[in-house]
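Following: one structure in structure tokens, then a few remarks.
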Amino acid sequence: MNLILFGPPGAGKGTQSALLVERLKMRQISTGDLFREAMNKQTALGKRAKEFVDAGKLVPDEIVIGMVDEVLEKLNGQSFILDGFPRTVPQAEALAALLLRRSLSIGRVVFLEVPRVELLSRLSGRRVCTKCGAVYHVESKPAKIQGVCDVCGGEVVQRKDDRESVIRIRLEEYDQSTAPVKDFYKKAGRSVEIDGTGDTEAVFSRIRSQGV
Ligand code: AP5
């Protein structure tokens, strides 16, 4: 089954995707990760995306849609999780067309619900490995040795867009442009709201209980 994991910044989309990849061998398609990778490699895509990502703004639809189209092209039948896409109604409409063209479908759209105050503390405390992308939190999931990744020994840092001034802009972008996508999928059916608070394993079980 293919899945859309939907939720505001910090809702746990990346954390839950990692569990789905590890345990169900699904393929994660995270547009945020794809942009960060392109930015690190300083590709043409990365250079275009950087000004938006660092400022907490959404990357223009045409850039995102083209990038997702290329990834879907190379899937080879593997079940996938869309993490962070679609994020605007035009992206959701474009996705429907891309899937139709490839005879693919989405089995569930999972909305991760987390109160705003918890989102703020999750985002401001998040740290990530620059090498393998493993996600930590200074309080709820600290690295065993501060600044060093438990998984690969890479450097663990704060994302530029996890600074408080940028978090505020990302949440505004979510309210204005991304929240309406929820109604788009509610009308289309097959969407489900999941409580995204509590232990990550408990959240994972709630997702699995939806037939995922
Ligand atoms: P992206 O990387 O997608 O950022 P995001 O949507 O803001 O989501 P996050 O990665 O911040 O949060 P998450 O939900 O994955 O939470 P996580 O699991 O890490 O996008 C970045 C930027 O790229 C955008 O701002 C935009 O510029 C651009 N972009 C990307 N896609 C785009 C698109 N489609 N269109 C246009 N532009 C696009 O968890 C967060 C923290 O909480 C971690 O520290 C984690 O350890 C902790 N945590 C997770 N679960 C729990 C739990 N259950 N309990 C306690 N703590 C938890």
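So the sequence shown is residues 33 to 244, counted in the numbering used here. Glycine included, C-beta positions come from ideal geometry on N, C-alpha and C.
- Here residue 228 is actually not in contact with residue 46; their C-beta atoms are around 12 angstroms apart, not less than 8 angstroms.
- Look at residue 200 here: in three-state DSSP terms it is helix.
- In this structure residue 167 does not touch residue 154 by the C-beta definition: roughly 10 angstroms separates them, more than the 8 angstroms allowed.
- Taking a cut-off of 8 angstroms on C-beta distances, the region 91-105 touches the region 121-128, as three or more cross pairs fall below it.
- Looking only at 38, 209, 137, the smallest Cα-Cα distance to residue 110 is reached by 137.
- With a cutoff of 8 angstroms on beta-carbon distance, residue 226 and residue 144 are scored as near each other.
- By the Cβ test, the region 111-122 is in contact with the region 50-63, since at least three Cβ pairs between them sit closer than 8 angstroms.
- Here residue 188 carries a strand assignment [DSSP, helix/strand/coil].
- Per the coordinates, the alpha-carbon of residue 173 lies some 33 angstroms from the alpha-carbon of residue 92.
- Going by C-alpha positions, residue 48 is about 20 angstroms away from residue 190.
- If you look at residue 112, you'll find it in the beta strand (DSSP E) that goes 112-115.
- Around the CB of residue 238, 16 or more other CB atoms lie within 10 Å, so the residue is classed as buried.
- Residue 71 is not a Cβ neighbour of residue 244, given a cutoff of 8 angstroms.
- In the structure shown, residue 48 falls within a helical segment according to DSSP collapsed to helix, strand and coil.
- Exclusion of residue 192 from the 7 angstroms shell around the ligand AP5 follows from its C-beta lying no nearer than that to any non-hydrogen atom of the ligand.
- Proximity of the beta carbon of residue 46 to the ligand AP5 is indicated: a heavy atom of the ligand is located closer than 7 angstroms.
- The bridge partners DSSP lists for residue 138 come to none.
- The beta-carbon separation of residue 89 and residue 205, rounded to 6 angstroms, stays under the 8 angstroms limit for a contact.
- A Cβ-Cβ distance of about 10 angstroms is found for the pair residue 160 and residue 175, leaving them out of contact under the 8 angstroms criterion.
- DSSP, read as helix, strand or coil, puts residue 148 in helix.
- Boundaries cannot be given for residue 91, as no beta strand (DSSP E) includes it and DSSP labels it neither H nor E.
- Residue 119 is a Cβ neighbour of residue 209, given a cutoff of 8 angstroms.
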